[in-house]
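Residue 254 in numbering that gives the first Met the number 0 sits at position 255 of the sequence shown, with consecutive numbering throughout. Note that beta-carbon positions come from the ideal geometry of N, C-alpha and C, so glycine has one too. Keep in mind that this is a model prediction, so the values were computed, not measured. To keep things clear, I will list the structure first and then write my remarks on it.
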Amino acid sequence: MRAAAVPRNEGTGPAATIAGLIRHAEALLSDPDSARLDAEVLLGHVLGVGRVQLVTRADHPVAAAEVRRYLDLVAGRARGIPVAYLVGRREFWSMPLQVDEHTLVPRPETEHLVEAALELIGAHDLRKVLDLGTGSGAIALAIRRGSAECRLTATDVSAPALAIARRNAERLGLRDIVFVEGDWYRPVRGTRFDLIASNPPYVPDAELGRAGLCHEPRVALSGGDDGLEALRTVIAGAPRHLRDGGWLALEHGADQKQPVWTMLGAAGFRARATILDYAGLDRVTMGKWQRAE
Ligand code: SAM
Ligand code: GLN
Numbered sequence: 000m001r002a003a004a005v006p007r008n009e010g011t012g013p014a015a016t017i018a019g020l021i022r023h024a025e026a027l028l029s030d031p032d033s034a035r036l037d038a039e040v041l042l043g044h045v046l047g048v049g050r051v052q053l054v055t056r057a058d059h060p061v062a063a064a065e066v067r068r069y070l071d072l073v074a075g076r077a078r079g080i081p082v083a084y085l086v087g088r089r090e091f092w093s094m095p096l097q098v099d100e101h102t103l104v105p106r107p108e109t110e111h112l113v114e115a116a117l118e119l120i121g122a123h124d125l126r127k128v129l130d131l132g133t134g135s136g137a138i139a140l141a142i143r144r145g146s147a148e149c150r151l152t153a154t155d156v157s158a159p160a161l162a163i164a165r166r167n168a169e170r171l172g173l174r175d176i177v178f179v180e181g182d183w184y185r186p187v188r189g190t191r192f193d194l195i196a197s198n199p200p201y202v203p204d205a206e207l208g209r210a211g212l213c214h215e216p217r218v219a220l221s222g223g224d225d226g227l228e229a230l231r232t233v234i235a236g237a238p239r240h241l242r243d244g245g246w247l248a249l250e251h252g253a254d255q256k257q258p259v260w261t262m263l264g265a266a267g268f269r270a271r272a273t274i275l276d277y278a279g280l281d282r283v284t285m286g287k288w289q290r291a292e
């Protein structure tokens, strides 16, 4: 498809309008499923208005500086940069989270992990909770939202990601979460929790080139050759960091349920269960750890 002509702005002729800019951007963005939405979200971001206002003000003119800013963002999107990075935020569990190139863009499927964690917390009165690999803070912050009594610790090996997580907690007024930097269990050595929740990197290295992933940090996605490296470490270390009868809840790849169940069984986890994501794929597995007799 030929891209629509670049709309002219105030300096060069008839003003570009909101509707004209969106049409222009839509033609530049190749993914037919998301082009319109992306075009609207980016313009709403530049103009500081919501999508409804874009519709009600469709024929309003847009100033030259804003047109330039918008076209820069659209060009970034056309190169595959996630919208969340371009606007600096992403909605997760109905919370606006700040994100940048150091954090994974929180995924809708991770809300299933939060749901599972909150159910376990409610059903078994779990209090001490650990979020391993917190990234933007998505899981820890959502659990804090859903359960005021929990004492939460959130870790990440990435200092810049952890800085974003801390800032998100402050901006959302979600207090009392302890953020600690370091490799998996290292920052919480000697501590036992009631629940460990984690969305570790689980993409096999050969798949990291897959569309949509190449702009996110490798450390947030790479699960090594078989995709299971981080899951192996997190599961193997869990018995030393859970109290007897404590729970582990993990997000994993759609084809990783079997290896995850096997690893959990070998580490002494019982009462395993897997839940499906919005697409009907195996996505979250939990298990209860029982000390050997
Ligand atoms: N929890 C966030 C979410 O669900 O949106 C981010 C999940 S992302 C898939 C995995 C996170 O694990 C990244 O933030 C990454 O920095 C962190 N990570 C990777 N290797 C780690 C390690 N060795 N120790 C601790 N965290 C690690
Ligand atoms: N769900 C992400 C994806 O496949 C991967 C997240 C992860 O590695 N934990 O796009």
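(1) Taking 7 Å as the limit between beta carbons, can you name the residues of its chain near R143, skipping five residues before and five after?
(2) What is the rounded straight-line gap between the Cα of L27 and the Cα of A77?
(3) What I want to know is whether the C-beta of A53 ends up closer than 7 Å to one or more non-hydrogen atoms of ligand 2.
(4) Can you give the beta carbon distance from F192 to V128, rounded, assuming they're within the 8 Å contact cut?
(5) In chain order, what residues of the same chain lie with their CB nearer than 7 Å to the CB of R89, ignoring the 5 residues before and after it?
(6) Thinking A160 and T109 are a contact (beta carbons under 8 Å), I'd like their distance in whole angstroms, please.
(7) By how many angstroms is the C-alpha of A248 removed from the C-alpha of A115?
(8) In whole angstroms, what is the alpha-carbon distance linking H59 and T16?
(9) If you measure between the beta carbons of V218 and S157, is that distance less than 8 Å?
(10) Below 8 Å between beta carbons: does that hold for V233 and H111?
(11) Could you name each continuous alpha helix (DSSP H) segment of 4 residues or more that falls completely within the stretch 110-175, going from the start of the chain to the end?
(12) For G79, which residues in the same chain have their Cβ closer than 8 Å to its Cβ, ignoring the five residues on either side in sequence?
(13) Using only CA atoms, which one of L20, D204, P31 and S29 lies nearest to G43?
The short version:
(1) Locating residue 143 in the sequence shown gives position 144, counting from the first residue. Same-chain partners within the cutoff: C149, L151, L173 and I176.
(2) Residue mapping note: residue 27 aligns to position 28 of the sequence shown, counting from 1. Residue mapping note: residue 77 aligns to position 78 of the sequence shown, counting from 1. Cα to Cα, the separation comes out at about 7 Å.
(3) On the sequence shown, residue 53 is found 54 positions in, with the first residue counted as 1. In the sequence under discussion, the amino acid at residue 53 is Leu, which differs from the Ala named in the question. Not so, every heavy atom of ligand 2 lies at least 7 Å from the Cβ.
(4) Here the question's residue 192 lines up with position 193 in the sequence shown. Here the question's residue 128 lines up with position 129 in the sequence shown. The pair is a contact, with the Cβ atoms about 6 Å apart (cut-off 8 Å).
(5) The residue you call residue 89 lines up with position 90 of the sequence shown. Contacts found: A83, L96, V98, V104 and P105.
(6) Numbered from its first residue, the sequence shown carries residue 160 at position 161. Numbered from its first residue, the sequence shown carries residue 109 at position 110. Not confirmed; about 15 Å, so no contact.
(7) For the purposes of this step, residue 115 is identified with residue 116 of the sequence shown, where counting begins at 1. For the purposes of this step, residue 248 is identified with residue 249 of the sequence shown, where counting begins at 1. Those two C-alpha atoms are separated by around 7 Å.
(8) Along the sequence shown, one-based indexing puts residue 59 at 60. Along the sequence shown, one-based indexing puts residue 16 at 17. Each residue's Cα considered, the two are about 5 Å apart.
(9) Taking the first residue of the sequence shown as position 1, residue 218 is located at position 219. Taking the first residue of the sequence shown as position 1, residue 157 is located at position 158. Their beta carbons are under 8 Å apart, which means V218 touches S157 by this criterion.
(10) Locating residue 233 in the sequence shown gives position 234, where the first residue counts as 1. Locating residue 111 in the sequence shown gives position 112, where the first residue counts as 1. Not a contact, by the Cβ cut-off of 8 Å.
(11) 137-145 and 158-170, all fully within the stretch 110-175.
(12) Within the sequence shown, the letter at position 80 stands for residue 79. Within the same chain, G79 has close Cβ partners A210, G211, C213 and H214.
(13) On the sequence shown, residue 43 is found 44 positions in, with the first residue counted as 1. Closest option to G43, Cα to Cα, is L20.
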